[in-house]
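Just so you know, we're using our numbering here: the sequence shown kicks off at 55 and counts up by one.
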Amino acid sequence: MQRPNLLRVTLAAILYSHFAHATLYQSISELPTNINFDFIIAGGGTAGAVVANRLSEVSRYQVLLLEAGPSDAGVINSEIPFLQTTLIGGPYDWNYTTTPQEGLNGRSIPYTRGKILGGSSSINFMFYTRGASADYDRWASVTGDSGWSWQNMKKYFLKNERLVPPADGHDTRGQYDPAVHSTTGMTMVSLPNYPQTTLDNRTIQASKQLGGDFKFNLDDNDGSELGLSWNQVTVGNGKRSSSSTSYLSEQYMSRMNLHVVLNTHVTRILPSSSPDRFNPRDPTFKTIEVVTTLRPGSPLLLRASKEIILSAGSIGSTQILLNSGVGDSKELSAVGITPLVDIPSVGKNLSDHPLLQAVWEVNSTETFDSFLQSPELQAAAFVEWQTRKTGPLTSNGANQLAWLRIPDNSSLWKSYPDPSSGRSAPQLELVFSNSGGLSGLPGAHITIGVALPSVLSRGSITLRSNNPLDAPLINPNLIGHPYDAQAMLAGLRSAQRFLSAPAFADYVLSHVYPFTQETIDSDETVLETMGNFIQTSWHPVGTLAMSRKGADHGVVDPDLRVKGLKGVRVVDASIMPYIPAAHTQAPVYAIAERASDLIKAYWS
Numbered sequence: 055m056q057r058p059n060l061l062r063v064t065l066a067a068i069l070y071s072h073f074a075h076a077t078l079y080q081s082i083s084e085l086p087t088n089i090n091f092d093f094i095i096a097g098g099g100t101a102g103a104v105v106a107n108r109l110s111e112v113s114r115y116q117v118l119l120l121e122a123g124p125s126d127a128g129v130i131n132s133e134i135p136f137l138q139t140t141l142i143g144g145p146y147d148w149n150y151t152t153t154p155q156e157g158l159n160g161r162s163i164p165y166t167r168g169k170i171l172g173g174s175s176s177i178n179f180m181f182y183t184r185g186a187s188a189d190y191d192r193w194a195s196v197t198g199d200s201g202w203s204w205q206n207m208k209k210y211f212l213k214n215e216r217l218v219p220p221a222d223g224h225d226t227r228g229q230y231d232p233a234v235h236s237t238t239g240m241t242m243v244s245l246p247n248y249p250q251t252t253l254d255n256r257t258i259q260a261s262k263q264l265g266g267d268f269k270f271n272l273d274d275n276d277g278s279e280l281g282l283s284w285n286q287v288t289v290g291n292g293k294r295s296s297s298s299t300s301y302l303s304e305q306y307m308s309r310m311n312l313h314v315v316l317n318t319h320v321t322r323i324l325p326s327s328s329p330d331r332f333n334p335r336d337p338t339f340k341t342i343e344v345v346t347t348l349r350p351g352s353p354l355l356l357r358a359s360k361e362i363i364l365s366a367g368s369i370g371s372t373q374i375l376l377n378s379g380v381g382d383s384k385e386l387s388a389v390g391i392t393p394l395v396d397i398p399s400v401g402k403n404l405s406d407h408p409l410l411q412a413v414w415e416v417n418s419t420e421t422f423d424s425f426l427q428s429p430e431l432q433a434a435a436f437v438e439w440q441t442r443k444t445g446p447l448t449s450n451g452a453n454q455l456a457w458l459r460i461p462d463n464s465s466l467w468k469s470y471p472d473p474s475s476g477r478s479a480p481q482l483e484l485v486f487s488n489s490g491g492l493s494g495l496p497g498a499h500i501t502i503g504v505a506l507p508s509v510l511s512r513g514s515i516t517l518r519s520n521n522p523l524d525a526p527l528i529n530p531n532l533i534g535h536p537y538d539a540q541a542m543l544a545g546l547r548s549a550q551r552f553l554s555a556p557a558f559a560d561y562v563l564s565h566v567y568p569f570t571q572e573t574i575d576s577d578e579t580v581l582e583t584m585g586n587f588i589q590t591s592w593h594p595v596g597t598l599a600m601s602r603k604g605a606d607h608g609v610v611d612p613d614l615r616v617k618g619l620k621g622v623r624v625v626d627a628s629i630m631p632y633i634p635a636a637h638t639q640a641p642v643y644a645i646a647e648r649a650s651d652l653i654k655a656y657w658s
């Protein structure tokens with residue numbers, strides 16, 4: 055959950071960077087010129103690091119991973135879970151901004167993506183949620199490939215996950231189901247690492263008192279999300295666990311066939327023939343164009359003998375294809391790019407999870423508010439983290455989640471279709487946080503983040519110009535469909551209903567943000583003004599979506615090969631045809647694990 059960057063002042067001085075990986079190249083100029091690469095991976099983020107690791111397991115493959123940002127090693131604001139918000143808008147962020155959003159009353163908002171080894175897994179909020187089983191079964195249905203079904207994807211979640219004890223060492227029995235987890239995978243996952251005792255206990259009590267929609271669910275990662283569960287996070291031993299720390303750790307970076315280059319921005323992929331002699335009957339793309347981000351210079355070209363793999367994320371991978379002349383021909387021509395392969399779906403179908411953070415004042419002395427306002431407490435917490443890797447800095451701020459559905463008898467369903475993947479999949483998410491978050495108000499507070507796991511809005515990524523270094527036009531179209539606005543209202547009402555449980559009777563005092571106690575009960579007021587406060591969960595997906603082989607829509611086939619091209623695959627969140635009811639980190643890990651198997655099988 056988002057919080058004010060109050061720790062930036064007291065802890066900014068401890069942010070430092072060094073390079074612990076012996077085989078990292080700091081720039082493309084350091085890369086040896088006598089290596090013939092089999093695979094070149096564009097983007098060293100959540101997916102790209104996985105693919106680089108798995109392909110380099112085959113010793114005969116030479117694998118090159120290109121990352122636009124610097125190393126994450128030693129970036130302490132990334133290591134410390136609680137400092138997640140200090141990474142927003144800084145040097146490890148692409149610092150994108152959306153186009154004005156009609157559903158947000160014309161606001162443009164920051165659109166954070168990781169520009170650092172590990173990508174967004176190095177700067178995100180560390181939620182580990184897989185989604186509903188129906189999400190993956192829907193992917194299997196629309197692609198015609200049963201390999202994307204929940205039953206067949208479960209092994210890839212387990213291949214990625216390494217469940218570890220929480221930093222505080224508390225007894226986790228009754229907080230999760232061991233049967234649906236792995237302790238032998240790569241990325242460390244844990245239950246909440248720091249207790250928020252008063253809020254945690256009251257939330258569990260309220261779940262028991264209310265039951266029904268708010269029933270306790272032992273583990274929301276078993277494919278059946280509905281109910282209230284303990285939150286699982288990618289934190290191990292009190293530190294963030296990212297794709298870099300897990301898949302690019304020193305034991306893997308010692309492989310002689312794995313090469314990682316930092317500060318290198320992939321701009322385009324190029325056909326085997328020059329664009330003016332491009333033969334659409336042989337659309338082979340094996341060359342990648344890069345520029346260094348350290349200093350201005352001419353683009354350099356690198357060639358892959360087998361495949362180029364785009365893992366630059368829903369924004370980056372889309373922009374690379376568009377800059378390469380792969381996309382809607384009319385739109386490309388309009389910005390001065392020569393179209394090579396007409397795929398109108400490139401950049402379309404952008405989906406995201408809108409988020410509204412609602413704050414209530416509470417009768418408590420145990421919220422994070424006092425901590426956020428006290429340099430002395432923060433300094434003591436940092437010493438504890440440095441020496442023992444325990445304490446409040448091991449927390450991501452959210453210990454519990456609730457996944458809900460809008461009642462079947464709601465009037466919404468008279469006007470709108472259900473965007474979720476099935477009756478077992480949630481339409482609403484509530485995230486419980488023990489502070490005032492964005493409100494910045496004095497006193498003690500709790501925040502309930504209201505998010506929409508499934509939406510009817512769709513946005514797009516398009517080019518601003520023919521300069522590949524220009525940021526693209528990012529339009530997530532948040533709350534762009536009337537259903538989404540009504541669903542957000544329903545989510546807010548669910549949060550209020552939860553707080554009406556007897557467990558909160560002497561605890562919750564009044565609503566203070568973004569509405570007032572007097573206005574929050576007015577549907578009209580909430581609908582008119584919530585666009586001033588809604589943010590994004592930063593879960594963009596779908597811009598290079600999978601579809602069936604031979605389909606006249608979509609961008610990649612179920613094996614993730616770009617339609618109409620030879621030699622190019624996409625492996626990241628952009629390939630999701632529908633957004634899952636999950637924070638997208640865990641689904642991307644599973645996608646990358648399966649993609650690695652698909653690539654290995656193809657070339658075996």
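Where a beta carbon is used, it is the ideal one built from N, C-alpha and C, also for glycine.
Cα-Cα separation between residue i and residue j, rounded to whole angstroms
i: valine 642; j: threonine 100; result: 7 Å
i: serine 701; j: isoleucine 134; result: Here the chain comprises residues numbered 55 to 658, so residue 701 is not present and cannot be evaluated.
i: valine 660; j: glutamine 250; result: As shown, the chain starts at 55 and ends at 658. That puts residue 660 outside it, with no answer to give.
i: asparagine 214; j: asparagine 255; result: 31 Å
i: threonine 87; j: proline 353; result: 16 Å
i: tyrosine 115; j: asparagine 311; result: 7 Å
i: serine 295; j: serine 236; result: 15 Å
i: valine 315; j: threonine 226; result: 40 Å
i: threonine 341; j: serine 298; result: 25 Å
i: leucine 141; j: aspartate 274; result: 28 Å
i: proline 325; j: phenylalanine 332; result: 7 Å
i: valine 609; j: serine 628; result: 10 Å
i: leucine 302; j: alanine 555; result: 46 Å
i: serine 300; j: aspartate 626; result: 17 Å
i: phenylalanine 436; j: lysine 293; result: 13 Å
i: leucine 466; j: arginine 477; result: 15 Å
i: glycine 223; j: tyrosine 182; result: 19 Å
Helix, strand or coil at residue i according to DSSP, with G and I counted as helix
i: lysine 603; result: coil
i: asparagine 529; result: strand
i: glutamine 454; result: strand
i: arginine 181; result: What sits at residue 181 in the sequence shown is phenylalanine, not arginine. Correct three-state label for phenylalanine 181: strand.
i: glutamate 483; result: strand
i: aspartate 406; result: coil
i: isoleucine 500; result: strand
i: isoleucine 170; result: coil
i: tyrosine 150; result: strand
i: aspartate 336; result: coil
i: leucine 447; result: helix
i: valine 562; result: strand
i: proline 641; result: helix
i: threonine 419; result: coil
Sub-7 Å separation of residue i and residue j beta-carbons
i: valine 287; j: asparagine 450; result: yes
i: serine 278; j: phenylalanine 268; result: no
i: leucine 532; j: proline 634; result: no
i: leucine 455; j: valine 413; result: no
i: aspartate 611; j: lysine 360; result: no
i: threonine 338; j: leucine 120; result: no
i: asparagine 285; j: asparagine 453; result: yes
i: isoleucine 95; j: valine 104; result: no
i: threonine 421; j: alanine 221; result: no
i: leucine 171; j: aspartate 126; result: yes
i: glycine 390; j: asparagine 520; result: yes
i: serine 365; j: glycine 102; result: yes
i: leucine 253; j: isoleucine 500; result: yes
i: alanine 498; j: valine 416; result: yes
Quick one: which unbroken beta strand (DSSP E) runs of 3-plus residues sit fully inside the segment 74-144? Chain order, please. 91-96, 117-120
For the segment 209-246, which segments carrying the beta strand (DSSP E) assignment without a break, of at least 3 residues, lie completely within its bounds, in sequence order? 215-217, 241-243
Say whether the segment 473-485 touches the segment 343-353, bearing in mind that this needs 3 or more beta-carbon pairs closer than 8 Å, one atom from each stretch. no
Using 8 Å as the threshold, is the segment 539-555 in touch with the segment 597-607, meaning 3 or more CB pairs across them? no
Would you say the segment 365-384 touches the segment 395-415, given that touching needs at least three Cβ pairs under 8 Å? yes
Touch test, the segment 514-524 against the segment 399-416, Cβ-Cβ under 8 Å, three pairs minimum: yes
Identify every run of the beta strand (DSSP E) within the segment 567-637, keeping only runs that are complete inside it and at least 3 residues long; order them along the chain. 622-624
Report yes or no: do three or more beta-carbon pairs, one from the segment 203-221 and one from the segment 184-192, lie closer than 8 Å? yes
Sufficient close CB pairs (3 or more, under 8 Å) joining the segment 551-571 to the segment 355-372: no
Could you tell me whether the segment 519-535 touches the segment 145-162, where touching means 3 or more Cβ pairs closer than 8 Å? yes
Touch check for the segment 489-500 and the segment 590-599: three-plus C-beta pairs under 8 Å? no
What are the complete alpha helix (DSSP H) segments, minimum 4 residues, inside the segment 278-350? 297-301, 304-307
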